[in-house]
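For the protein sequence lines, the chains are A and B, in the order given.
Reading the first sequence from the start, the letters are residues 388 to 1002 in the numbering used here.
Reading the second sequence from the start, the letters are residues 9 to 315 in the numbering used here.
Below you'll find the structure, written out as structure tokens, and then a few comments.
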Amino acid sequence: MPIQDPETQDLLRIAVGGSVDHGKSSLIGRLLLDAEALRADQVDEVSRGELSHATDGLRAEREQGITIDVAYRYFSTEKRGFVVADTPGHTRYTRNMVTGASTADLLLLVVDARPPGLTEQSLRHVQLAHLLGIEHLVVAVNKIELVDFDQEAVKAIEHEVAATARRLGLRQATVVPVSAMEGDNVVTRSARTPWYQGPSLLEVLERAGRPSVAEDGALRFPVQWITRAGAYRGLAGQVSGGLLRAGEAIKVLPSGETSRIARIDSFNGPIDNVRGPLAGTVVLEDNLDVARGDMIVPADDPLEPAREVDATLVWLGTEPLTAGRRYLLKQTTRRVRATARELRTVYDVNDEAVDDAAALRLNQVGEVTLRLATPIVADPYSVNQTTGAFILIDELSHDTVAAGMVRATRAAISEEDQKSPDVVWHPGKLDRTERWTHLGSKGATIWLTGLPASGKSTISTALEQALVHRGRLAYLLDGDNVRHGLSGDLGFDAASRAENVRRVAHVARFFADAGGVAVVALVSPFKQDRDLARRLHVKAGLPFIEVFVDTPLEECARRDPKGLYARAKAGRLSGLTGQSNPYEPPPSPEVTVKTLEEPVEHAVERLMTLLDELG
Amino acid sequence: MSTPARTPAVTRLSLLEAEAIHVLREVAAEFERPVLLFSAGKDSIVLLRLAEKAFRPGRFPFPLLHVDTGHNFDEVIAFRDQIVADLGEELIVAKVQDSIDAGRVVEERGDGGSRNRLQSVTLLDALAERGFDAAIGGARRDEERSRAKERILSFRDEYGQWDPRAQRPELWALYNTVVRRGENVRAFPMSNWTELDVWRYIQREQLALPSIYFSHERRVFERGRHVLAESRHITPEPGDGVAQSEHVRYRTVGDLTVTGAIRSEAATVAEVIEELERAKWTERAQTRADDNFSSAALEDRKREGYF
Ligand SMILES: Nc1nc2c(ncn2[C@@H]2O[C@H](COP(=O)(O)OP(=O)(O)O)[C@@H](O)[C@H]2O)c(=O)[nH]1
């Protein structure tokens, strides 16, 4: 066993592919054996004649004599450790191939030296590896002793490999003639292939670059965990691009709030920099509302949160994807709902486009557009293989149904007019005047904003009651209630709050248009979100009355009917508006109610009068 | 700045460490009730350090659970209690003896019987009773063949069973953590570590281990290819060797009736590493007497829910 120094050694991840029976398992067995990584009990089995037994794990596979699942093997040399993912050859195990390739730095493809050489299956492996961003292909032309060490046989395969590499645009393709059975050129160069001047397979693997983390790119730090201890609040995560540097000006996405990295902590004390893919814990200069799933990027980074992505999917599910279906999407540390809006192209296992495909099926590759319920922060996969990767999870079966790679992102639809291009507004037969005249009612939206426990619910329930008692159609959209169902899928980060406001604003607009008074009681802490609600109504020609329920924070905390402030104080609730989260008071509301000075009935009366004045 | 640049190097150990920390945090963040399985063995001691790196200065977002066979080395239990006290985290002990007393399992052939298999039931009961939906363990893929195909997040049905044919594909470092009530996962943050990596990490982090990992004098006897400790639970039977005092150490801590010792003079971490680099036998073949009777033994036990 070679002596290794763990402080200089690194780790290379290899996916091994190839057609069944071309000798993939045997070659891995040989590498393990000759790199002296196999210890005596495994050597016994290997030397019993079946090299591939060193890698064929599960009994079912032993019985059927095929590899059906990715198996991981480990061996080391002085220079580096190797994690070998042995991936199955059958097309129907494409998902395992993709699994192995998704974490690999390099593809080692095993090809039988005898005709036909590169098979459909081996080409498929190369294509998938390339799709997953592997740029280095190493081809072991195996069983070279069966073709009498003939250079011509290798040359033919070499040509094909070069052509494939050119077609796909692979950065590097290396061909090594080997015999897994007899060991030629696996670890040491063989005298039986004098025409081959290149390095042995192991040497190639030892020298290969380790490209996994985009170090030269821009900083990407997805927040994975909030570390709390007393007053300490650290944002823990794994660097997924660029270099994390103490002192750097940053911005948190999707909120866009900016700050500076005050410190980077590690278990062993503060550090100055962290390279990907290592972990670090960041403390910001400002106490921003940052949650798991947010991403820290340079302050001047042009990256925008995406509400829509174009992506390539490798479909791994038995239920096909069709346009309109919904899934859970996991990307970095974020999980959101996604709808397949459009299925543009489907490629079959031979990489040929399927005509007019309406569904993306198992083992096929497809180009799709996904609409996201809440934004993600993503780069194209070609730029960053961590922030550009995602999986889709079936909401019913919970299976992982797709490996996804982002091609393009659009911030799109944060505006009120968001709609997909092929949706048109369907005009009804009634116009508004006709509707309101027949019903004898007039629509409007009254929007109450203010701190939690400021009195919004008290005023709005009283207002709703008073209106209905006077025969007006009124309905309360209460912040707590809309979180059941309508916004039941949303959290409390800035992006989710914005989405919540957007949904409620649209519902209120419909209701007002129908002729009712929509009474909205919603913290709605951000001016920008409330302005969106106002614009929606103004555009639709509907009255919008913003009511600022103005109660001092201390008074809210004292009232605290739902115990929110108490829980926040005890550290059991984070992100409470007014406490750790900002509240932006409206600069020019139609109505301000100072609840310390004005009784509820009085405020209700004022609002009723105002509504009447609207006509 | 006058202080030298402090930028941790990207090496084999730091890569493995980063991967493990990532897995620990994902599990903690996405499951409702995770638990960390702690045996006081070297792998789970490394796991504790990784958890410290993932969550300090905060507290662990999960308790520790020890499945106690009752056939323990006293040193190991003492060590367990000490390390847990030092960490200030919660430890739950689930006893195989309680499962036996409750009639949930039947002890194998009298007093020399291995309790390794009975552990499965005790573990599953403990998970179900307390509603744990993710159990974090220190298992490594290089330990044994059938483990080589285990996912980092290994999905178990409500009976704790593992179906090797229905494993979820595991892409990039994006773990699918969606489970139904009653279902759970085993999470293995150290999947990609080798035994040597574990020892090197122990050396780098200067972690304390139970004394039985290092050469010490003990009364042992031979049974087949194995060297077993004489104890209140197990004594030589006809056909076994004669008990005598020797210099031995252990490579795993487990049920002492089936955990074999190796003759060794390695008394420090550095000496163990040196010995390992020259080692001739893989860990399991040498030290788990009861895995030997069938080459598919572990696979069967995993299907049953054994860790
Ligand atoms: N003659 C010869 N046979 C080989 C060589 N490598 C593998 N084989 C044989 O080819 C068959 C398939 O090998 P295996 O490793 O199981 O292929 P896999 O399906 O690609 O994993 C087995 O019978 C091996 O013994 C080689 O270099 N020379």
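Beta carbons: idealized from backbone N, C-alpha and C, even for Gly.
Residue state for A:F777 is assigned as strand, using DSSP reduced to three classes.
The Cβ-Cβ distance between A:T705 and A:L640 does not fall below 8 Å. With a threshold of 8 Å between beta carbons, B:K50 makes no contact with chain A. Where A:Q772 is concerned, there is no enclosing beta strand (DSSP E), because DSSP gives it neither an H nor an E. If you check the C-beta of A:E507 against ligand 1, you find no heavy atom less than 7 Å away.
Chain A has no Cβ within less than 8 Å of the Cβ of B:H224. Taking 8 Å as the threshold, the shortest C-beta distance from B:F63 to chain A falls below it.
For A:W612, the C-beta contacts it makes with chain B under 8 Å involve R33, A36, A37, A62, F63, in order along the chain. Apart from the 5 residues on each side of it in sequence, A:L665 sits with its Cβ closer than 8 Å to the Cβ of Q625, V626 in its chain, given in chain order. Contacts with chain B at 8 Å (Cβ-Cβ) include A:G468. Beta-bridge analysis with DSSP links A:L399 to A:F469. Using a CB distance cut-off of 8 Å, A:L703 counts as an interface residue toward chain B. Within the region 179–195 of chain B, the residues whose Cβ lies closer than 9 Å to any Cβ of chain A are, in chain order, L179, W180, A181, L182, Y183, N184, T185, V186, V187, R188, E191. Rounded to whole angstroms, A:G596 and A:Q538 show a C-alpha spacing of 28 Å. According to DSSP, residue pairing for B:Q252 in a beta bridge involves B:V228.
Here the region 18–38 of chain B does not lie against the region 957–971 of chain A, with fewer than 3 beta-carbon pairs under 8 Å apart. Neighbourhood of A:I658 in chain B, by CB distance below 8 Å: R14, T15, P16, in chain order. A Cβ-Cβ contact shorter than 8 Å links B:I100 with B:L72. By the rule that beta-carbons nearer than 8 Å mark a contact, A:Y461 touches chain B.
By the CB criterion at 8 Å, B:A278 and B:Q211 fall inside the cutoff. The region 790–799 of chain A makes contact with the region 691–709 of chain A, as at least three CB pairs between them are under 8 Å. By the rule that beta-carbons nearer than 8 Å mark a contact, A:Q514 does not touch chain B. For a Cβ distance threshold of 7 Å, residue set A666 of chain A lies close to B:I29, ordered along the chain. A distance criterion of 7 Å places the beta-carbon of A:A402 beyond contact range of ligand 1, judged by its closest non-hydrogen atom. Interface criterion not met: the Cβ of A:V755 is under 8 Å from no Cβ in chain B. With distances taken between CA atoms, A:E644 lies nearest to A:D688 out of A:A402, A:V723, A:D659, A:D688. According to DSSP, residue pairing for B:N192 in a beta bridge involves B:R164. With a 10 Å radius around the Cβ and a threshold of 16 neighbouring Cβ atoms, B:Q252 comes out exposed.
In the three-state DSSP reduction, A:G416 falls in the helix class (H, G or I).
DSSP, read as helix, strand or coil, puts A:H924 in helix. Among the residues of chain A, those whose CB is under 8 Å from the CB of B:T202 are Y461, S463, G468, following chain order. The beta carbon of A:R460 sits closer than 7 Å to the beta carbons of I415, L419, T442, V471, D473 from its chain, once the five residues preceding and following it are set aside; these are given in chain order. Counting C-beta atoms within 10 angstroms of its own C-beta, A:Q559 has fewer than 16 neighbours from the protein chains shown and is therefore classed as exposed. For A:W702, the enclosing beta strand (DSSP E) stretches over residues 693–702. Rounded to whole angstroms, the gap between the alpha carbons of A:G791 and A:L557 is 20 Å. For the region 62–84 of chain B, the beta-carbon criterion of a distance under 7 Å to any beta-carbon of chain A is satisfied by F63, R64, P65, G66.
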